[in-house]
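*Asks:* Each residue of the sequence shown is one higher than the one before, counting from -6 in the working numbering.
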Amino acid sequence: MAHTTSKRTPASLTLDSPVSELRGVGPRIRDKLDRLGLNVIADLLFYMPRRYIDRTRLSPIGSLRPGTSAQVEGQIEMTQLKYGKRRSLLCRISDGTGALTIRLFYFSRSQQNRLQRGMKIRCYGQVRFGTSTLEMIHPEYQLIESNETVAVDESLTPVYPTTGGLQQSTLRNLTRQSIEVLIRAERGLNELLPDHLLNEFTLPELQAAIAYVHQPPPDARVNELLAGTHPAQQRLAFEELLAQYLSLQRLRQATRSHPATALVAKENLSDQFLQSLPFTLTNAQSRAFAEITEDLGKSQPMLRLLQGDVGSGKTVVAAMAALRAIESGYQAAIMAPTELLAEQHFRNLKDWFIGMDIEVLLFTGKLRQAEKQERLNILSSNHRCIAIGTHALFQESMAFAALGLVIIDEQHRFGVHQRLALLEKGKQGDTVPHQLIMTATPIPRTLAMTMYADLDITVINELPPGRQSINTVAIPSSRRDEIIERIEKACHEQRQAYWVCTLIEESEALQCEAAVDTRDYLANCIPGISVGLIHGRMKASEKEQAMAAFKSGEIQLLVATTVIEVGVDVPNASLMIIENAERLGLFQLHQLRGRIGRGNKKSDCVLMYLPPLSDTARVRLDTMRQTNNGFEIARKDLEIRGPGEMMGTRQTGLPELRIADLMRDSGLLPKVHSAAGILLNDYPDRVPALIQRWLGPATRYTKV
Ligand code: ADP
Ligand code: MG
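Next comes the structure, spelled out in structure tokens:
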């Protein structure tokens, strides 16, 4: 093959050589690596294993426990094609201690032919409950000649985060080659941490740590590696946290070096607004608003995080901040993570601001060109407007006449760079808009101070008065009929309910399909009530209609996918059924449940599950039953997350980390802070390199 013959020998490669110089990298693989940001060999070295798998031993099938991962070996007793909702290939194996079913949804004809009765097979995978025996779905497997014995691995195998079509074996192979290059390279990796710091914190050297995590030696301390607490991992985690912290600090400095326009009360719009509300602000809300207005009144950009549990009433505070911008002659933009939420904010603000001569404009991805142009024209000419939207807000074509304030809702769905892109939009010459960032992610203060090091923090620590705590129960799906009766009864008492369909599969299409089926089924079972439907594949106008009908009470039972997870606010809804609750994480359950318990009615949440429950699923459901408090739920979540399951962007809004884990490594944070001070003071020239190494292309946006 042409591209392999032209490759250089490893000895002639350097850490800066393109990955395409490695053996086995053709154009197709190169493109996939490119998508992961892996361009040169050094990038591969800093591409960290997410976890390890232990194939150093074989487990007896009889000893397997659901929820764990294991390597087993056995004889195929039966292979069978199964037709059903989805076609699958089932293969039952046994090793004399027990039987296990291997289930494949994707398989080729030749795979099917080779998985014959009598063959010996070794597989590694996650064990789960199956219909008759325990199962592994799509394990990694290898067929073994029956007279052959194959040794088990000597050391742990790294598992890398990957993208479609890029195999673990490819990544392992490429990192192996990269380490060869590293070992032979004349110029190795730059040690960016000063010696005295390494000594003081007893951290191993960079190069050794890198080689260790990619290729743990056979005598490595397995438990430490699996838990992520090995010194080699800790050293890299330390450096990564330091890079994160420094980049946020630098971002803050960069933003703060720009002027902002002081936004001051001119018309007293917020008082006018407060008088029109059917409630008074809680003390926490008033305090939050006072802190915000103080910031807004300065000619330095506000950088403030508003943290408050679901239902604490962040939206009104945001609306008041937006009014402050308007009365000072500036515009505000509110960015929400889903169309549904953007639409809801749009409707709320339009209602709230009636008679105030304010244009509230909605921008979502599906806007027709003509509509969009019309709104853009207003935005670029009228100062009294508020733009609300999804990420469509930072598209190229957006141009604000005078953006004074950027508000980001449900920050946990956005990355730092999206926020910055919007900020960039609002720049007028050297002047940048103020920023208010809102989140319901309940993380402890010390952690927040590190991971939101660029922001000042305001906490709304109380819920509006009159809230009733939500009564939560867990019920097996076999008692579905009982649950349906309960909905019927509730609806007859003029209560409204959500039925949330969640699926094992990540596919949105399947999730929507299930919601449609469920709607039909429920409408059939409970003839007297009106059942509505909302899912991600409906047109924006259809979704809007469904939400409006639910809000007005026309729809009593709303069947929904997880599109309603964030932000949706219909205070009259007081019953929620969550299907497959055992599959969801605690954060997600808490967010979902946060859709009820918003009014002054007593609310109920039914977590419907498919038994039997794994141990962690049981703890999750128990936790949900025991508390409504976000902080407690977060604490529990962190406690039960297994090693290797890192806190990711999707769930918490904290940055996606490569090797550090904010909770596990929180003990490193004070050291990280002191190291940051030392680097900024004594080695400022190393700071950009450190940030570049760990944050790579993401830092492109930090030049505010
Ligand atoms: P979140 O903080 O989760 O975004 P919302 O802003 O959606 O919460 O507010 C939740 C509900 O509480 C809304 O229906 C809102 O109108 C209501 N609300 C907000 N503040 C108060 C208050 N001070 N008293 C009573 N209800 C309030
Ligand atoms: Mg909200």
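Think of the CB as a built atom: it goes at the ideal place given N, C-alpha and C, for glycine as much as any other residue.
Using the beta-carbon count (16 or more within 10 Å), is Ile34 buried or exposed?
*Replies:* By the neighbour-count rule (16 or more Cβ atoms within 10 Å), Ile34 is buried.
*Asks:* If you draw a straight line from the C-alpha of Leu234 to the C-alpha of Pro197, how long is it?
*Replies:* Answer to the nearest angstrom: the Cα atoms are 16 Å apart.
*Asks:* For Pro520, count neighbouring Cβ atoms within 10 angstroms of its own Cβ and tell me buried if that reaches 16, exposed if not.
*Replies:* It counts as exposed.
*Asks:* Assign Pro224 to one of three DSSP states: helix, strand, or coil.
*Replies:* Helix.
*Asks:* Using only CA atoms, which one of Gly221, Pro187, Met531, Met328 lies nearest to Ala669?
*Replies:* Nearest of Gly221, Pro187, Met531, Met328 to Ala669, Cα basis: Pro187.
*Asks:* Cα-Cα, which of Asp678, Leu688, Ile671, Ala682 is closest to His189?
*Replies:* Nearest option by C-alpha distance: Ile671.
*Asks:* Glu128 bridges to which residues according to DSSP?
*Replies:* Bridge partners of Glu128: Thr94, Arg121.
*Asks:* Classify Tyr238 as helix, strand or coil using the three-state DSSP reduction.
*Replies:* Reduced to three states, the DSSP call for Tyr238 is helix.
*Asks:* Is DSSP giving Asp24 helix, strand or coil here?
*Replies:* Residue state, collapsed to three classes: helix.
*Asks:* Could you check what DSSP says for Asn183 in three-state terms: helix, strand or coil?
*Replies:* In this structure, Asn183 counts as coil in the three-state DSSP scheme.
*Asks:* Is Phe704 buried or exposed, if buried means 16 or more other CB atoms sit within 10 Å of its CB?
*Replies:* Residue coverage of the chain in this structure runs from -6 to 697, which leaves residue 704 outside it and unanswerable.
*Asks:* For the stretch 417 to 435 and the stretch 390 to 405, state whether three or more C-beta atom pairs, one from each stretch, are separated by less than 8 Å.
*Replies:* These segments touch.
*Asks:* Write down every uninterrupted run of the alpha helix (DSSP H) in the stretch 367 to 435 whose length is 4 residues or greater and which is fully enclosed by it, in chain order.
*Replies:* Runs of the alpha helix (DSSP H) inside the stretch 367 to 435: 409 to 418.
*Asks:* So, with DSSP's three-state summary, where would you put Asn464?
*Replies:* In the structure shown, Asn464 sits in a strand (DSSP, three-state: E or B).
*Asks:* If you measure between the beta carbons of Leu440 and Gln428, is that distance less than 8 Å?
*Replies:* Not a contact, by the Cβ cut-off of 8 Å.
*Asks:* Just to confirm my understanding: we take Ala71, look at its own chain, exclude 5 residues before and 5 after, and list those with CB closer than 7 Å. What are they?
*Replies:* First, the residue type needs correcting, since residue 71 is Met and not Ala in the sequence shown. Here the set comprises Arg85, Arg110.
*Asks:* Taking one C-beta from the stretch 291 to 299 and one from the stretch 235 to 255 each time, how about it: are there three or more such pairs within less than 8 Å?
*Replies:* The stretch 291 to 299, when compared against the stretch 235 to 255, does touch it at the 8 Å Cβ threshold.
*Asks:* Pairing CB atoms from the stretch 111 to 118 with CB atoms from the stretch 133 to 142, are three or more of them under 8 Å?
*Replies:* Touching, per the Cβ criterion.
*Asks:* Is it true that the CB of Ala326 sits closer than 8 Å to the CB of Val425?
*Replies:* No. Outside cutoff.
*Asks:* Given a threshold of 16 other Cβ atoms within 10 Å of its Cβ, counted over all protein chains shown, does Tyr76 qualify as buried or as exposed?
*Replies:* With fewer than 16 Cβ atoms within 10 Å of its Cβ, Tyr76 is classed as exposed.
*Asks:* Less than 8 Å between the C-beta atoms of Asp36 and Gly30, yes or no?
*Replies:* Yes. Within cutoff.
*Asks:* Are the CB atoms of Ile453 and Gly322 nearer to each other than 8 Å?
*Replies:* Not a contact, by the Cβ cut-off of 8 Å.
*Asks:* Given the structure, does Thr383 come close to the ligand MG, in the sense that its CB is under 7 Å from one of the ligand's heavy atoms?
*Replies:* Not so, every heavy atom of the ligand MG lies at least 7 Å from the Cβ.
*Asks:* Should the stretch 362 to 380 be called in touch with the stretch 558 to 578, which here means at least 3 C-beta pairs below 8 Å?
*Replies:* Judged by Cβ distances under 8 Å, the stretch 362 to 380 makes no contact with the stretch 558 to 578, as fewer than three pairs qualify.
*Asks:* Do you know whose CA, among Ile557, Asp562, Ala247, lies nearest Ser545's CA?
*Replies:* The option with the nearest alpha carbon to Ser545 is Asp562.
*Asks:* Going by other Cβ atoms of all chains shown within 10 Å of its Cβ, with 16 needed for buried, is His485 buried or exposed?
*Replies:* The residue is exposed, with fewer than 16 neighbouring Cβ atoms inside 10 Å.
*Asks:* For Leu167 and Leu175, I'd like the C-alpha separation in whole angstroms.
*Replies:* Straight-line Cα distance between these residues: approximately 12 Å.
*Asks:* Would you say Leu515 and Val524 are within 8 Å of each other, going by their C-beta atoms?
*Replies:* Taking 8 Å as the Cβ cut-off, Leu515 and Val524 qualify as a contacting pair.
*Asks:* Within its chain, find whatever has a CB closer than 8 Å to the CB of Tyr602; leave out the 5 residues flanking it on each side and keep chain order.
*Replies:* For Tyr602, where only same-chain residues beyond five positions count, the Cβ hits under 8 Å are Ala467, Ile468, Pro469, Ser470, Asn573, Ala574, Glu575, Ala610, Leu614.
*Asks:* Got a sec, what are the start and stop residues for the beta strand (DSSP E) Arg44 sits in?
*Replies:* Where Arg44 is concerned, the enclosing beta strand (DSSP E) stretches over 44 to 46.
*Asks:* Using DSSP's beta-bridge definition, name the partner residues of Asp597.
*Replies:* The partner list for Asp597 (beta bridge, DSSP) reads Asn464, Leu568.
*Asks:* Under 8 Å, do Gly592 and Ile463 count as touching if we go by C-beta distance?
*Replies:* No, they are not a contact pair.
*Asks:* For Ile450, which residues of its own chain have a beta-carbon under 7 Å away from its beta-carbon, when the five flanking residues on both sides are left out?
*Replies:* Counting only Cβ-Cβ distances below 7 Å, and skipping sequence neighbours, we find Leu298, Gln300, Ala441.
*Asks:* Taking the straight line between their C-alpha atoms, what separation do you get for Ala230 and His410?
*Replies:* Looking at the two C-alpha atoms, the distance is approximately 22 Å.
*Asks:* Could you tell me whether the stretch 82 to 96 touches the stretch 62 to 71, using the rule of 3 or more Cβ pairs below 8 Å?
*Replies:* The stretch 82 to 96, when compared against the stretch 62 to 71, does touch it at the 8 Å Cβ threshold.
*Asks:* Grab me the residues of Asp9's own chain with a C-beta within less than 8 Å of its C-beta, minus the 5 sequence neighbours each way, in chain order.
*Replies:* Cβ neighbours of Asp9 beyond the five flanking positions: Val33, Ile34, Ala35.
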